[in-house]
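Q: The following block contains the structure, expressed as structure tokens.
There are 2 protein chains.
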Amino acid sequence: MRIPKIVILGAGYGGLITAVRLQKMVGVNEAEIVLVNKNDYHYETTWLHEASAGTLHHDRVRYDVDSVIDRHKIEFVQGTVVEVNKEEKKVILEQGEVTYDYLVIALGAEPETFGIKGLKEFAFGITNINSARQLREHIEYQFATYNFEEEKKDERLTIVVGGAGFTGIEFLGELSNRIPELCKEYDVDFNKVRVICVEAAPTVLPGFDPELVNYAVATLERRGVEFMIGTAIKECTPEGIIVAKGENELLEIKAGTVVWAAGVRGHSVIEKSGFEAMRGRVKVQPDLRVPGFNDIFIIGDCSLIINEEINRPYPPTAQIAMQQGEVAARNIVALVRGKEEMESFVPDIKGTVCSLGEDDAIGVVYGKKLTGGKASFMKKVIDNRALFMVGGAGLVLKKGKFNVL
Amino acid sequence: MRIPKIVILGAGYGGLITAVRLQKMVGVNEAEIVLVNKNDYHYETTWLHEASAGTLHHDRVRYDVDSVIDRHKIEFVQGTVVEVNKEEKKVILEQGEVTYDYLVIALGAEPETFGIKGLKEFAFGITNINSARQLREHIEYQFATYNFEEEKKDERLTIVVGGAGFTGIEFLGELSNRIPELCKEYDVDFNKVRVICVEAAPTVLPGFDPELVNYAVATLERRGVEFMIGTAIKECTPEGIIVAKGENELLEIKAGTVVWAAGVRGHSVIEKSGFEAMRGRVKVQPDLRVPGFNDIFIIGDCSLIINEEINRPYPPTAQIAMQQGEVAARNIVALVRGKEEMESFVPDIKGTVCSLGEDDAIGVVYGKKLTGGKASFMKKVIDNRALFMVGGAGLVLKKGKFNVL
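Chains as they are written, first to last, in the UniProt record's numbering: chain P, 1 to 405; chain E, 1 to 405.
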């Protein structure tokens with residue numbers, strides 16, 4: 001008798017939680033489980049700003065998928081997903097095909113450049129391990145090159161960060177701590193360095209409490225970060241960016257490094273596979289299945305869930321992806337066991353903390369506003385909690401953050 | 001009464017030894033001493049291959065000039081020498097002028113590219129602190145970029161080293177130890193990396209004992225280095241190099257990094273100041289003064305001394321520069337004290353050791369051939385001796401190399 005085959009695409013927060021929950025709940029004779037991921041490691045997307053700035057080594061930000069899955073229960077396929085063929089119930093990989101009875105799409109996000117010219121070609125991203133370490137090395141190379149050249153080019157020491165959202169601000173927090181170290185390493189005058197945050201929206205960290213936003217801006221400005229708020233990037237060039245200043249005026253900012261941290265969208269495989277989506281995100285049913293496809297779950301950054309209170313989508317976060325993974329796993333177990341009733345996903349937002357570097361942060365946790373050391377402590381608790389949920393205390397000990405208060 | 005003014009140009013091996021010897025021998029009322037150097041630090045030119053490969057941090061390779069000179073006795077001027085005006089007895093700096101009664105020119109070497117097209121523009125050098133850390137970062141950036149790009153460019157992982165002389169081989173020794181670390185750091189397959197040494201001469205390390213040369217080549221080949229001997233680089237391009245293969249055939253080698261380590265010449269200030277010179281090196285008198293100029297000493301890489309035994313110039317080495325500094329200092333003291341008789345410089349070559357990385361080397365010390373750990377030990381003794389001569393035991397403790405055998 002053939003047992004059903006569960007295929008999980010992606011070993012990010014959502015996919016990995018689904019996998020480790022399923023391996024506990026499903027017997028080997030009950031279902032076959034396949035986990036597909038591009039790399040043989042999982043990385044902490046929410047820690048990438050640290051690896052990108054060079055304040056935390058990228059090996060601290062990733063761990064082998066093998067270290068948290070049970071290979072007797074889960075078959076791991078290292079492969080890149082090209083497309084999902086919903087009709088034939090199979091996944092096309094660059095390296096072959098995988099058929100499924102139940103599918104969990106947890107492929108995560110991609111950068112959204114909103115069609116701004118040159119961003120894809122010339123701006124760096126905080127997207128994955130490869131882009132993080134390349135960005136770290138690019139910045140270091142600019143500093144290393146500065147004194148090497150007889151004719152000094154100060155623009156080498158200018159770093160533009162596009163976006164004052166969560167990723168942008170967390171990256172600025174790390175970067176502004178890293179700059180003095182880089183100045184020392186390469187004998188560069190700190191006053192020659194410029195870090196400019198350009199944000200099209202009228203405020204930093206939209207949606208955050210204004211008092212906390214002011215704290216964040218003041219902290220970063222004290223470390224030398226310049227903010228250009230309400231300023232849209234019109235174009236990115238090999239030399240820097242062009243921004244709109246007022247109605248008609250354009251301004252060029254020369255910069256050796258441009259980082260785009262202003263938006264993500266769902267994975268392009270979503271559209272390529274013919275799912276109805278908004279910027280790569282599919283509005284899923286309360287049970288996390290795709291309307292019309294009872295065998296396909298979409299969770300994490302590729303899913304869209306409406307926050308009924310404000311009638312707007314929840315932002316794509318690790319917190320939600322992991323909670324969805326738990327629900328998806330339980331619903332699949334029910335399906336495998338022939339049950340009809342599905343559990344509905346209800347987000348439980350415990351808090352949001354935005355890091356401002358090693359020992360500073362702002363956030364709201366259980367409805368309480370926090371800044372400074374306390375917020376930074378809570379950030380580390382949250383980071384360690386993600387590890388704990390996937391790999392238990394062992395993974396927290398191996399990869400956790402303990403340099404607190 | 002005016003006391004004579006001694007000006008030393010350069011705080012390399014020769015200049016710094018001259019300065020520290022003079023500050024011991026000359027009383028403050030006897031002469032004024034001025035030391036001019038481009039940077040406020042001295043760097044160990046003979047250790048730069050380590051900083052360039054990234055196996056030793058560049059701060060281990062330099063120390064503040066201030067830490068070894070007595071500012072009560074020596075005035076330190078941080079400045080870049082443009083020209084020596086021998087007639088008016090003054091030195092033109094980018095930042096002003098300095099007059100002298102006695103001058104010591106110890107400005108060191110510059111890379112010699114023999115007019116090969118593109119080398120100046122596209123090849124990296126192992127020349128000073130700035131170029132060393134830029135080369136280190138450039139190589140690291142190539143590795144960091146490799147996996148970042150969707151379409152892999154294997155040539156990013158090809159490093160061409162032009163020159164199989166002392167610097168080239170020592171750099172290859174460090175680099176071949178560093179490559180496995182870089183592969184691990186950036187998830188790069190070791191087999192994709194190519195390190196190619198291109199040498200126009202018919203042998204590696206010309207002048208060295210053939211048995212030792214064979215040991216060096218075999219060691220480096222075992223670590224993956226490819227040798228192209230008797231092969232001249234015709235051109236360096238942004239994409240790599242073009243070499244002559246046989247009589248008429250040209251071969252392109254694509255490489256993300258080209259390092260030129262095949263020759264040095266004396267400082268260009270020598271020619272600019274109208275001294276009679278061969279590739280920037282002045283054939284000095286036995287007392288180290290310039291023929292026709294009783295007030296100007298030239299020591300180190302800008303001086304040319306003939307080895308009478310083989311009727312060829314001694315190669316420019318730290319060993320000779322330091323020994324010359326001792327003699328120059330004594331001769332200047334004699335001149336200041338109105339004595340006519342000058343000491344002649346006689347090189348005392350104690351040995352030559354060529355490093356092949358952390359714990360391997362080849363060399364001849366006091367006429368004895370050494371390889372492996374023993375040679376490597378002697379290399380560290382030599383490196384520490386240079387520190388001792390300038391700054392005594394204190395400097396050795398601070399900057400010395402102790403990870404021996």
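In this text, a Cβ means the ideal position worked out from N, Cα and C, and glycines have one as well.
1) E/SER176 lies in the beta strand (DSSP E); which residues open and close that run?
2) Applying a beta-carbon distance threshold of less than 7 Å, which residues of chain P neighbour E/HIS49?
3) For E/THR231, which residues in chain P fall below 7 Å Cβ to Cβ?
4) Suppose you measure from the CA of E/ASP101 to the CA of E/ILE8; what does that come to, to the nearest Å?
5) With DSSP run on the structure shown, which of helix, strand or coil describes E/PRO111?
6) Applying a beta-carbon distance threshold of less than 7 Å, which residues of chain P neighbour E/GLN134?
7) Counting C-beta neighbours from all protein chains within 10 Å, is the total for P/LYS398 16 or more, i.e. buried, or is it exposed?
8) Which bits of chain P does E/ASN130 rub up against, with CB to CB less than 7 Å?
9) Does DSSP classify E/SER355 as helix, strand or coil?
10) Check whether chain P comes within 8 Å of E/PHE138, counting only Cβ atoms and requiring the distance to be less than that.
11) Which residues of chain P have a Cβ atom closer than 7 Å to the Cβ of E/TYR186, listed in chain order?
12) So within the stretch 85-149 of chain E, which uninterrupted alpha helix (DSSP H) runs reach at least 4 residues, ignoring any that extend past its ends?
13) Of all the CB atoms in chain E, is at least one closer than 8 Å to the CB of P/TYR141?
14) Between which two residues does the beta strand (DSSP E) carrying residue 409 of chain P extend?
15) Measure the alpha-carbon distance for E/LEU405 versus E/ASN311 and round it to whole angstroms.
16) Would you kindly work out how many angstroms separate the C-alpha atoms of P/ASN37 and P/VAL213, rounded to a whole number?
17) Take E/PHE275 as the anchor and find which of E/GLY163, E/ARG21, E/GLU83 and E/HIS49 has the nearest alpha-carbon.
18) When you compare only the Cα positions, how much space is there between P/THR203 and P/LYS153?
19) At which residues does the beta strand (DSSP E) containing E/ALA255 begin and terminate?
20) Cα-Cα, which of E/ASN29, E/ASN147 and E/GLY173 is closest to residue 481 of chain E?
21) For the alpha helix (DSSP H) containing E/ARG222, list its first residue and its last residue.
22) Relative to the C-alpha of E/PHE114, which candidate in E/GLU343, E/GLY280, E/GLY300 and E/LYS369 has its C-alpha closest?
23) Exposed or buried, P/GLU249, counting other C-beta atoms within 10 Å across all chains shown (16 or more means buried)?
24) Buried or exposed: where does P/ALA386 fall if 16 or more other Cβ atoms within 10 Å of its Cβ makes it buried?
25) Starting from P/LEU22 and walking both ways along the beta strand (DSSP E), at which residues does that stretch end?
26) Reducing DSSP to helix, strand and coil, say where P/VAL161 ends up.
27) Would you verify that the beta carbon of E/ARG265 is, or is not, closer than 8 Å to some beta carbon of chain C?
28) Would you kindly work out how many angstroms separate the C-alpha atoms of P/VAL225 and P/VAL353, rounded to a whole number?
29) May I ask you to verify whether the stretch 61-72 of chain E touches the stretch 193-212 of chain E, counting CB pairs closer than 8 Å and requiring at least 3?
30) In chain order, what are the residue ranges of uninterrupted alpha helix (DSSP H) at least 4 long that sit wholly in the stretch 301-328 of chain E?
31) Could you check what DSSP says for P/LEU29 in three-state terms: helix, strand or coil?
32) Would E/GLY14 be called buried (16 or more neighbouring beta carbons within 10 Å of its own) or exposed?
33) From what residue to what residue does the alpha helix (DSSP H) around E/ASP383 run?
A: So, from the listed chains and residues:
1) Element bounds for E/SER176: not the beta strand (DSSP E) but the alpha helix (DSSP H), 166-185.
2) Listed along chain P is no residue with a C-beta nearer than 7 Å to that of E/HIS49; the closest approach is about 17 Å.
3) Within 7 Å Cβ-Cβ: nothing; E/THR231 doesn't reach chain P, min ~28 Å.
4) Rounded to whole angstroms, the separation of the alpha carbons of E/ILE8 and E/ASP101 is 11 Å.
5) Residue state, collapsed to three classes: strand.
6) ALA144, THR145 and PHE148, listed in chain order.
7) Per the 10 Å Cβ criterion, exposed.
8) ASN147 and PHE148, listed in chain order.
9) Strand at E/SER355.
10) For the sequence presented, residue 138 of chain E should be read as His rather than Phe. Look at E/HIS138: its C-beta is under 8 Å from a C-beta on chain P.
11) Close to E/TYR186, with beta-carbon spacing below 7 Å, are these residues of chain P in chain order: ARG133.
12) If we require 4 residues or more, the alpha helix (DSSP H) runs fully inside the stretch 85-149 of chain E come out as 119-122 and 129-146.
13) Proximity of P/TYR141 to chain E, defined by a Cβ-Cβ separation below 8 Å, is satisfied.
14) As shown, chain P starts at 1 and ends at 405. That puts residue 409 of chain P outside it, with no answer to give.
15) Reliability fails at E/LEU405, whose pLDDT of 38 lies under 50, so the model's placement of it is uncertain and no value is given.
16) One Cα belongs to P/ASN37, the other to P/VAL213, and the distance between them is close to 37 Å.
17) Closest option to E/PHE275, Cα to Cα, is E/GLU83.
18) Rounded to the nearest angstrom, the two C-alpha atoms are 32 Å apart.
19) Note, E/ALA255: premise wrong, no beta strand (DSSP E); not H, not E.
20) The first residue shown for chain E is 1 and the last is 405, placing residue 481 of chain E beyond what the model contains.
21) It spans 210-222 - the alpha helix (DSSP H) in which E/ARG222 sits, taken as one unbroken run.
22) Closest option to E/PHE114, Cα to Cα, is E/GLY280.
23) So P/GLU249 ends up on the exposed side.
24) Looking at its Cβ environment, which holds 16 or more other Cβ atoms inside 10 Å, P/ALA386 is buried.
25) Under the DSSP assignment, P/LEU22 falls outside any beta strand (DSSP E), being part of the alpha helix (DSSP H) whose first and last residues are 13-25.
26) Here P/VAL161 sits in strand by DSSP.
27) Here chain C cannot be found, since the structure's protein chains are P and E.
28) Between P/VAL225 and P/VAL353, the alpha-carbon positions lie close to 20 Å from each other.
29) Verdict: no, contact absent.
30) Restricted to the stretch 301-328 of chain E, not a single alpha helix (DSSP H) segment is unbroken, complete and at least 4 residues in length.
31) It is Asn, not Leu, that sits at residue 29 of chain P in the sequence shown. In this structure, P/ASN29 counts as coil in the three-state DSSP scheme.
32) The residue in question, E/GLY14, is buried, as its Cβ has 16 or more Cβ neighbours within 10 Å.
33) Where E/ASP383 is concerned, the enclosing alpha helix (DSSP H) stretches over 372-399.
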